[in-house]
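Heads up: the structure comes next, in structure tokens.
2 protein chains.
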Amino acid sequence: MLFVQKFGGSSVANAERIRNVAGIIAEKFLEGNEVVVVLSAQGDTTDELLEKAAEINPDPSKRELDMLLTTGEQQSIALMAMCLEGMGLPVVSLTGWQVGLRTDASYGAARIRRVDTERLRRELDKKRIVLVAGFQGVNKFDDYTTLGRGGSDTTAVALAAALHADRCQIFTDVEGVYTADPRKVPGARKLEEITYDEMLELASMGAQVLMNRSVQLARRYGVELEVLSSLVRAPGTKVKEVSKNMEEMKITGIAKDEKVARVTVVQVADRPGSAFRVLNAVSRAGINVDMIIQANGRDGANDMSFVVAETDAEAACRALEERQAAIGFDHISVDKDIAKISVVGAGMMSSVGIASLVFEALNDEHINIQMINTSEIKISCVIDAASADRAVAAIHRKFFEQ
Amino acid sequence: MLFVQKFGGSSVANAERIRNVAGIIAEKFLEGNEVVVVLSAQGDTTDELLEKAAEINPDPSKRELDMLLTTGEQQSIALMAMCLEGMGLPVVSLTGWQVGLRTDASYGAARIRRVDTERLRRELDKKRIVLVAGFQGVNKFDDYTTLGRGGSDTTAVALAAALHADRCQIFTDVEGVYTADPRKVPGARKLEEITYDEMLELASMGAQVLMNRSVQLARRYGVELEVLSSLVRAPGTKVKEVSKNMEEMKITGIAKDEKVARVTVVQVADRPGSAFRVLNAVSRAGINVDMIIQANGRDGANDMSFVVAETDAEAACRALEERQAAIGFDHISVDKDIAKISVVGAGMMSSVGIASLVFEALNDEHINIQMINTSEIKISCVIDAASADRAVAAIHRKFFEQ
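Keeping their order, the protein sequence lines are chains A and B.
Under the working numbering, the first residue of the first sequence carries the number 1, and numbering increases by one thereafter.
Under the working numbering, the first residue of the second sequence carries the number 1, and numbering increases by one thereafter.
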């Protein structure tokens, strides 16, 4: 079997952790598997490099920032290679350039164009463990580029796709994907399997286990992912096209996102195109709008509310106020004291009554639902922030603990 | 004019020093020159990386060490590029791979095979300052290699040769090459010019301004070198084929090397080939022998003495003792309490009486000469270590201060 394993910065932060990870890699290799390992920069390395840069130039070019930052992952792979050498194992480390990871020219947040697997295959054929610097590639100018947030996960998935790996294991500091946040919901269960779509919904809902970008890439190329812990030796959660839970379990997980805000545009003029003008003003400012409701108001005007990321709330207000005359509204109010609870499950598609169970759970707890949004595999409710943990626990009991 | 400038690790050790060096680069560029700059890793970076490696594996492969160490220079060029960007100057940084510096496969101490100047020329044609990571290249396997000690100087000379640069400026913490160590000899004078051969003799004699390797490379390709200070803005010393001092000044400089040892093989059997067998045993152990004398002894046996680097003395003894029976000698004695004083000057070739002036100077100070060696441009004397500084001062007075 061919495995791609990915370890993040905290997993290789010091000599002791490097040794721990080397043990995981060695185990997989000594079982007779081919192993390709993607590593991030050690612990605080990237932040330290950014500080050094800021001291010299507060606004450096992204090209030179990438030139600086790519050294972090290169150091990680060299150190890990030395550790595996010390255990007597055959190993070789390769940078983004050496591994043929070609990107577009967007320094700082490059997209992967292709992976030339020739060198990778040659090293695997020599029965070596191959360590690859994550987060980095080279563009058509032969310049170094970085892949932006979640870049090392994306590297791992891209290599797994290019090599047709049997599985891409993403090692993190959690043991897998849970039905709810296990620190908050004592009855939360680790899921054995989950679909790409469910993972995408959970990730975008604030369950920060995997970045959406790498899950999307995995879905596109059919790469089977596994999320597992680098500290606890236990099977994690597999992310794949069809999960065997689909028919059995109505929902997969419950996520909570408190970093949201509700923006209410009060007394929008009741004329054709008002809603379009409101949303257009916001989206032109580059802000994603999530849920939208329009409430009937007095005097031929409606209130219109939508949900944005908390960090985008001010920008959304500014964008609207700049066009107040053209749109026609009285004023804007912002409520950051809300939370979005999302119930996710591919099983919803072939089942009914999920929504009413969710509402029943919230009703039992006397929690008021401010906004509702549904998709084929998700139901989201906006409630007041103070009730969020209680809401998750109530829904979890309704679906998983009866 | 096309200049290649090289700055060592201490010249770029922190933000302040990077700014200082950026000023030197900017000045040369704004005068209308093409400028290629070679940088070493910042201050202690290399040592810190070696420490990290040692913590994980005390004996890592040279390939992975090179993978680790090459990140140091890459960080330097990125930071310097950011600094020059901040000054509004056009600049691009390039690693050894990007600059097409191809080496042989000897990790840790690779030799340069060739430099593909295509990318360099393209960037220079765009009127950019080009920053190049020193000390590093890539071999035929597309693996990173380092050039060993003095590697960044060698990178600079190699780029200057490949680009047919008008001058290669090596910036150091001294202002140039002096007639003697200015910290020890108050009357020491900075030389305006010096020949490659003189520089080579001085360097090998312990005047650690330039590594021999880079001077040899410069001589082979006729690259005009200049050694100058990164802290004091003043002309340095030019190193070239023919110096204008050749006819005027009989000698160029006086160097002292205290890191030498005299090995004496006592009572070597007086039969044909004994001297060969002694020297062969030592050279087979990879040890360079410098000066050799044979003294007539008693009983049909001679004492034979030679000078080696202090660090090689023990190995030389072991090599000889292993073959004691075959060679035939009584025992070996080692004296580390010696110094080698060398008087260097291309003018010696066309002049007479230099040697007698040197001997006169030492005689005036009642310093005993243990061994003597001469070449076309050098006279070396071995004396006791305690008299070394006094000897240099006396010779300096005789040639430069009368």
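For each residue, glycine too, the CB sits at the ideal point set by N, CA and C.
**Report entry** Residue-chain proximity (Met211 (chain A), chain B), Cβ-Cβ < 8 Å
**Finding:** no
Report task. Please check if any C-beta of chain A sits within less than 8 Å of the C-beta of Met246 (chain B). Result -> Because the pLDDT of Met246 (chain B) is 49, which lies under 50, any placement of that residue in the model is unreliable, and the question is left without a value.
Query - Among A:Ser342, A:Met348, A:Arg271, A:Ala355, nearest to Ala326 (chain A) - alpha-carbon criterion - result: A:Arg271
Query raised in the report: Are any of the Cβ atoms in chain A nearer than 8 Å to that of Ala393 (chain B)?
Result: no
**Report entry** 3 or more residues per run - each beta strand (DSSP E) lying fully within the segment 155-236 of chain A
**Finding:** 167-172, 193-195, 225-229
Query raised in the report: Expressed to the nearest angstrom, what Euclidean distance is found between the alpha-carbon atoms of Met246 (chain B) and Glu193 (chain B)?
Result: At Met246 (chain B) the pLDDT is 49, less than 50, meaning the model places this residue with poor confidence; the figure from the coordinates comes in the next sentence. Approximately 9 Å, taken between the alpha carbons.
**Report entry** Cβ distance (whole Å) where Val265 (chain B) is taken to contact Met304 (chain B) below 8 Å
**Finding:** 5 Å
Requested in this report: In the DSSP assignment, find the alpha helix (DSSP H) that holds Thr46 (chain A) and state where it starts and stops.
Outcome: 45-56
Query raised in the report: In chain order, which continuous runs of the beta strand (DSSP E) of length 3 or greater are located wholly inside the segment 69-131 of chain B?
Result: 91-94, 101-103, 112-115
**Report entry** Limits of the unbroken alpha helix (DSSP H) element including Phe276 (chain A)
**Finding:** 274-284
Query raised in the report: Under the three-state reduction of DSSP, which class applies to Gly8 (chain A): helix, strand or coil?
Result: coil
Requested in this report: Determine, using beta carbons only, whether Ala26 (chain A) comes closer than 8 Å to chain B.
Outcome: no
Query - First through last residue of the beta strand (DSSP E) which encompasses Ile383 (chain B) - result: 378-384
Query raised in the report: Which residues in the same chain as Ala295 (chain A) place their Cβ atom closer than 7 Å to its Cβ, once the five residues preceding and following it in sequence are excluded?
Result: Asn302, Asp303
Requested in this report: Could you confirm whether any beta carbon from chain A is found closer than 8 Å to the beta carbon of Leu79 (chain B)?
Outcome: yes
Query raised in the report: Are Thr117 (chain A) and Ala156 (chain A) close, meaning C-beta to C-beta below 8 Å?
Result: no
Query raised in the report: Would DSSP call Asp142 (chain B) helix, strand or coil?
Result: coil
Query - Alpha carbon of Leu120 (chain B) to alpha carbon of Cys168 (chain B), nearest angstrom - result: 16 Å
Query raised in the report: Would Leu191 (chain B) pass as a contact of Tyr178 (chain B) if the rule is Cβ separation under 8 Å?
Result: yes
Requested in this report: Answer with yes or no whether the minimum CB distance from Ile383 (chain A) to chain B is below 8 Å.
Outcome: no
Requested in this report: Measure the beta-carbon distance from Glu226 (chain A) to Ala339 (chain A) and round it to whole angstroms, keeping in mind my assumption that it falls under 8 Å.
Outcome: The Cβ separation is near 30 Å, so there is no contact.
Query raised in the report: Between Leu39 (chain A) and Phe7 (chain A), is the Cβ-Cβ spacing less than 8 Å?
Result: yes
**Report entry** 6 Å Cβ shell around Arg262 (chain B) - same chain, five flanking residues per side excluded
**Finding:** Ser305, Val307, Asp335, Ile338
Requested in this report: Going by DSSP, name the residue or residues bridged to Leu357 (chain B).
Outcome: Paired residues: none, contrary to the question.
Report task. Locate the beta strand (DSSP E) running through Val268 (chain B), then write down its first and last residues. Result -> 260-269
Query raised in the report: Any Cβ of chain A within less than 8 Å of the Cβ of Thr154 (chain B)?
Result: no
**Report entry** Segment limits, beta strand (DSSP E) that includes Phe306 (chain B)
**Finding:** 301-309
Query raised in the report: From Val223 (chain A) to Ala26 (chain A), what distance separates their C-alpha atoms?
Result: 23 Å
Query raised in the report: In angstroms, rounded to a whole number, what distance separates the CA positions of Pro58 (chain A) and Tyr144 (chain A)?
Result: 21 Å
Query raised in the report: Quick one: is Gly86 (chain A) near chain B, going by C-beta distance under 8 Å?
Result: yes
Report task. Give every residue of the same chain whose Cβ lies closer than 6 Å to the Cβ of Val37 (chain A), excluding the five residues on either side of it in the sequence, and list them in chain order. Result -> Gln5, Ile25, Leu131
Report task. Please name the residues in the segment 10-36 of chain A whose beta-carbon is closer than 8 Å to at least one beta-carbon of chain B, in chain order. Result -> Ala15, Ile18, Arg19
**Report entry** Segment limits, alpha helix (DSSP H) that includes Ile395 (chain B)
**Finding:** 388-400
Requested in this report: Could you tell me how far apart the beta carbons of Ser93 (chain A) and Ala81 (chain A) are, in whole angstroms, since I believe they sit closer than 8 Å?
Outcome: 4 Å
Query raised in the report: With distances taken from CA atoms, which of B:Ser214, B:Glu48, B:Glu31 is nearest Ile112 (chain B)?
Result: B:Ser214
Query - Interface flag, Cys317 (chain A) vs chain B, CB-CB below 8 Å - result: no
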